[in-house]
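Residue numbers for the sequence shown follow the numbering used here, so the first one is 115 and each next one is one higher.
In this text, a Cβ means the ideal position worked out from N, Cα and C, and glycines have one as well.
Just so you know, these numbers come straight off a predicted model, no measurement behind them.
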Amino acid sequence: MATRSSTAARFAAATDALLRGEPLPDSADAFAAELALAARLRAGASIGIPDPAFVDDLRGELLTRLRAREGVARVRYAVVETDLGPLAVAYRDGRVLYCNAVTADPSSLAAFVRAVTRTLGAPLEREEEPPAVIARGVRDHIAGRRRFQAVDLSWLPPFQRRVLEKTAEIPRGEVRPYAWVAREIGAPGAVRAVGTALAHNPIPFIIPCHRVVRADGSLGEYSGGGPAVKARVLAYEGVPLAELLAAARRGERLRGCRTTRIVCYPACRAARRVRPENVVPFASLAEAQRLGYRPCTLCRPA
């Protein structure tokens with residue numbers, strides 16, 4: 115894997131030099147055929163300076179050819195119709211590597227293909243229908259019938275893998291703050307890094323980064339399409355958004371039960387069973403613990 119990464123880095127440097135009209139590095143000899151193609155494509159472009167889309171498309175195409183020459187397994191993709199709309203899904207060896215929402219506009223799927231090619235640096239091949247087990251698994255996951263686990267995160271950095279694996283444990287219909295994910299993976303000081311890892315989640319909707327919210331209870335961003343899409347997905351999953359956002363505006367971060375002396379996140383299924391007259395709002399876990407409340411063992415508030 116290290117050899118491939120090094121090869122890809124040297125190839126990217128050679129391509130960049132070619133696009134800038136600079137002398138090619140000595141390592142470029144290994145990519146003579148690919149760079150000759152780049153030169154022809156560049157010469158045929160009717161622009162003086164390549165625009166970003168041209169550079170992305172060119173590098174993606176060339177890196178795809180390079181990976182094919184090295185014998186990297188081909189990545190295939192198809193569109194799966196779900197209750198939330200069409201999802202483009204890229205997969206290899208029966209496991210999903212990348213997915214995102216697409217629209218009927220062809221440019222939407224083209225953007226997905228560019229993103230996958232650029233990110234994975236692997237050959238990409240369209241299939242009209244995905245394998246039945248993937249299509250059924252993704253639909254069942256979105257509908258809440260069963261969790262889809264045939265994903266491949268092995269190509270991601272270790273920290274991001276830990277963040278995504280923990281995020282996948284958040285139950286449907288519930289949310290957790292970024293600080294909870296950081297604490298759960300043993301890195302309580304890495305809240306900002308957790309946010310960055312989730313912002314680059316390659317498998318939104320399947321790895322449910324939409325279930326992670328800001329410390330103040332507001333929704334925050336979403337790699338699957340922004341806050342509006344995040345709100346729509348959470349509402350579809352049964353999260354009482356209006357109630358939670360109202361609680362956040364009141365400064366209510368946690369919710370205690372007067373009878374059990376247990377404190378939860380407001381979206382926890384245990385908290386939502388508490389009768390209204392027994393609800394005690396708290397702004398922090400420290401405040402709740404000072405009054406003798408103990409953390410819920412289901413949602414484990416941070």
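Close-in-space but distant-in-sequence residues of the same chain around residue i (CB under 6 Å, 5 per side omitted)
i	result
residue 200	193, 216
residue 302	296
residue 294	416
residue 380	358, 361, 369
residue 161	Low confidence applies here, because residue 161 scores a pLDDT of 46, under 50, leaving its location unreliable and the question unanswered by this model.
residue 188	237, 239
residue 196	253, 256
residue 299	276, 280
residue 344	324, 333, 336
Per DSSP, the bridge partner or partners of residue i
i	result
residue 199	196
residue 396	368
residue 215	201
residue 430	This structure does not reach residue 430, given that the chain is present from 115 up to 416, and the question cannot be answered.
residue 291	327
residue 265	210
Three-way DSSP call (helix, strand, coil) for residue i in this model
i	result
residue 411	coil
residue 278	helix
residue 383	coil
residue 220	helix
residue 210	strand
residue 256	helix
residue 416	coil
residue 286	coil
residue 273	helix
residue 99	Residue 99 lies beyond the residue range present for the chain, which begins at 115 and ends at 416; the question has no answer from this structure.
residue 305	helix
residue 388	coil
residue 93	Outside the displayed range of the chain (115 to 416) lies residue 93, so it cannot be described from this structure.
residue 248	helix
residue 319	coil
Contact belief for residue i with residue j at Cβ below 8 Å, rounded distance in angstroms
i	j	result
residue 358	residue 402	About 18 Å separates the two Cβ atoms, so there is no contact after all.
residue 362	residue 321	Contact doesn't hold; Cβ gap of about 24 Å is too wide.
residue 233	residue 212	7 Å
residue 248	residue 205	6 Å
residue 277	residue 327	Actually they do not touch by this definition, with Cβ atoms about 15 Å apart.
residue 236	residue 274	In fact, because the Cβ distance is near 18 Å, the residues do not count as touching under 8 Å.
residue 203	residue 287	In fact, because the Cβ distance is near 24 Å, the residues do not count as touching under 8 Å.
residue 337	residue 313	6 Å
residue 210	residue 317	6 Å
residue 383	residue 412	7 Å
Sequence-distant residues of the same chain with beta carbon closer than 8 Å to residue i, five excluded per side
i	result
residue 398	367, 368
residue 117	Because the pLDDT at residue 117 is just 45, under 50, the model does not fix this residue reliably, and the point stays unresolved.
residue 348	289, 324, 325, 333, 355
residue 408	375, 376, 377
residue 208	245, 247, 248, 264
residue 364	395
residue 223	193, 202, 216
residue 243	192, 249
Near the ligand GTP: residue i beta-carbon under 7 Å from a heavy atom
i	result
residue 335	The model on display carries no ligand, and the ligand GTP is accordingly not part of it.
Residues near residue i in its chain [Cβ-Cβ closer than 7 Å; skip 5 each side]
i	result
residue 419	Any property of residue 419 remains undetermined from this structure, which presents the chain solely from 115 to 416.
residue 406	375
query: Which runs of the alpha helix (DSSP H) fall wholly inside the stretch 331–378 and span at least 4 residues, in chain order?
result: 341–350, 355–363
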